[in-house]
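> Below you will find the structure I want to go over with you.
2 protein chains.
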Amino acid sequence: MKRDSRLSSVLHALLHMAERDGPMTSGELARCLHANPVVVRRTMAFLRKAGMVGSTPGHAGGWILTADLGAISLRQLHEALGEPAIFAIGNRNETPVCLVEQSVNAVLDTAFAEAEALLMQRFEHISLADLAADFARRLPHAAAGED
Amino acid sequence: MKRDSRLSSVLHALLHMAERDGPMTSGELARCLHANPVVVRRTMAFLRKAGMVGSTPGHAGGWILTADLGAISLRQLHEALGEPAIFAIGNRNETPVCLVEQSVNAVLDTAFAEAEALLMQRFEHISLADLAADFARRLPHAAAGED
DNA sequence: TTTCATGTAACTTCAATTATTACGAATAAG
DNA sequence: CTTATTCGTAATAATTGAAGTTACATGAAA
């Protein structure tokens, strides 16, 4: 299965945008992410709908942050992306008639729900500002290194 | 992405086997699971390698449990299946040069690792016997209903 | 008006499980 | 011994959703 890396991508993109004065184009972001510009636009469109970024076409256009780094949590980003499925493991049949399978589903659902709740709780308390701070700690007082 | 339902499948299969005196054929299990007999054999082969079930070919052959229900935990089953990826979400690049992306990966890895640890802890303490007990509670003292 | 850049639609590619077909090997019944 | 049954496994398609690609329309600024 191919894993969804959009959350990882937008975090990377937003942090690069935060270190930039003007807008960044899809092409520039794509080069940072080693990705495709169309995919970048497609993914960033989700964040635009959520009011986190803005885009302007034409000369000197591109993408800019429209919210404070401290006001954007990983959870909000996950939601902005449409809350994609977190787990690659799931029930074979979500609405079984078989009582045995109902027991199996109930037990697995409970365990996965607990794990998801923990993850969302963590995501809730991590903001882009936290990530930026972590990045600053990694900088060995060299010039801001791009990728 | 297509979700992996093998853990769910083998739980369902093992519980049906537990309620049976003799062996169950791949065809019978496939009918229970609404699945394909070849897929059943392929999946059950993992559990055979782990010593949880046995198979015999030919007349009156099929699959039998070779371990106690209380001795098989969800965690052991997950391991027997080769510990497939749990999350459908992941980093875009696992070995980034970019310091920004390293921060992103570190933060996400930590959160996902915590969620995985919780899930594995739950799996460790849930046995097939627990599932069988849950199933018994669901039975409205009707005849053992098959699917 | 020309040039960038976004906005999208319409594909193709990719990855991993699941499904299907086919055939060989082993076991037990007759 | 022959036959029916059942597992073992290889080879190939179907499936699903993200990611990549191509193409073109739209909008903004020089």
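Top to bottom, those sequences are chains G and F.
Each residue of the first sequence is one higher than the one before, starting from 1 at the first, in this note's numbering.
Each residue of the second sequence is one higher than the one before, starting from 1 at the first, in this note's numbering.
We put the CB at the ideal spot given by N, CA and C, even for glycine.
Which chain F residues are close to residue 84 of chain G, counting only those with a beta carbon under 8 Å from its beta carbon?
88, 89, listed in chain order.
> Evaluate residue 90 of chain G with the Cβ neighbour count: other Cβ atoms within 10 Å of its Cβ, from every protein chain shown; 16 or more gives buried, anything less gives exposed.
With 16 or more Cβ atoms within 10 Å of its Cβ, residue 90 of chain G is classed as buried.
> Going by beta carbon distance, what residues of the same chain come within less than 8 Å of residue 48 of chain F, once the five residues before and after it are set aside?
Cβ within range, chain order: 54, 55.
> Would you identify the three-state DSSP class for residue 4 of chain G, choosing helix, strand or coil?
Strand at residue 4 of chain G.
> Considering only residues of the same chain and omitting the five flanking positions on each side of residue 27 of chain G, which have a CB-CB separation below 6 Å?
Correct list, in chain order: 37.
> Give me the chain G residues within the contact set of residue 12 of chain F, using Cβ-Cβ distance strictly less than 8 Å, ordered along the chain.
Residues of chain G passing the Cβ test: 92, 98, 100, 101, 104.
> Whose C-alpha, out of G:65, G:139, G:84, G:58, is nearest the C-alpha of residue 3 of chain F?
The candidate whose alpha carbon is nearest that of residue 3 of chain F is G:84.
> Check each residue of the segment 34 to 65 of chain F: if its Cβ is closer than 8 Å to any Cβ of chain G, include it; give the result in chain order.
Cβ contacts with chain G: 34, 35.
> Could you compute how far the alpha carbon of residue 148 of chain F sits from the alpha carbon of residue 119 of chain G?
The structure shown does not extend to residue 148 of chain F, since chain F is modelled only from 1 to 147, so the question has no answer here.
> Name the residue from F:34, F:109, F:57, F:52 whose alpha carbon lies nearest to the alpha carbon of residue 95 of chain G.
Measuring from the Cα of residue 95 of chain G, the nearest candidate turns out to be F:34.
> Spell out a yes or no on whether the segment 61 to 71 of chain F and the segment 93 to 113 of chain G are touching, meaning 3 or more CB-CB pairs, one atom from each, closer than 8 Å.
Result no; under three Cβ-Cβ pairs closer than 8 Å.
> List, in order along the chain, the chain G residues whose C-beta lies closer than 8 Å to that of residue 114 of chain F?
Correct list: 118, 119, 122.
> Near residue 138 of chain F, what residues of its chain come up, given a Cβ to Cβ distance below 7 Å and the 5 sequence neighbours on each side ignored?
Around residue 138 of chain F: no qualifying Cβ.
> Name the DSSP bridge partner or partners of residue 87 of chain F?
Bridge partners of residue 87 of chain F: G:87.
> Tell me the rounded alpha-carbon separation between residue 66 of chain G and residue 126 of chain G.
Residue 66 of chain G and residue 126 of chain G: Cα-Cα distance of roughly 18 Å.
> Give me whichever residues DSSP pairs with residue 40 of chain G in a beta bridge.
None; residue 40 of chain G has no bridge partner.
> Name the chain G residues whose beta carbon is nearer than 8 Å to that of residue 111 of chain F?
Under the 8 Å cutoff, chain G gives 74, 119, 122, 123, 126.
> What three-state label does DSSP hand residue 52 of chain F in the structure shown?
In the structure shown, residue 52 of chain F sits in coil (DSSP, three-state: anything other than H, G, I, E or B).
> Return the first residue and the last residue of the beta strand (DSSP E) that residue 62 of chain F is part of.
Run containing residue 62 of chain F: 62 to 65, per the beta strand (DSSP E) assignment.
> For a quick check, are the C-beta atoms of residue 7 of chain G and residue 78 of chain G less than 8 Å apart?
Yes, the Cβ-Cβ distance between residue 7 of chain G and residue 78 of chain G is below 8 Å.
> Quick check on residue 16 of chain G - is its C-beta less than 8 Å from some C-beta in chain F?
Cβ-Cβ to chain F under 8 Å: yes for residue 16 of chain G.
> With a threshold of 16 other CB atoms inside 10 Å of the CB of residue 16 of chain G, please say whether the residue is buried or exposed.
It counts as buried.
> Starting from residue 105 of chain F and walking both ways along the alpha helix (DSSP H), at which residues does that stretch end?
Here the alpha helix (DSSP H) through residue 105 of chain F covers 99 to 124.
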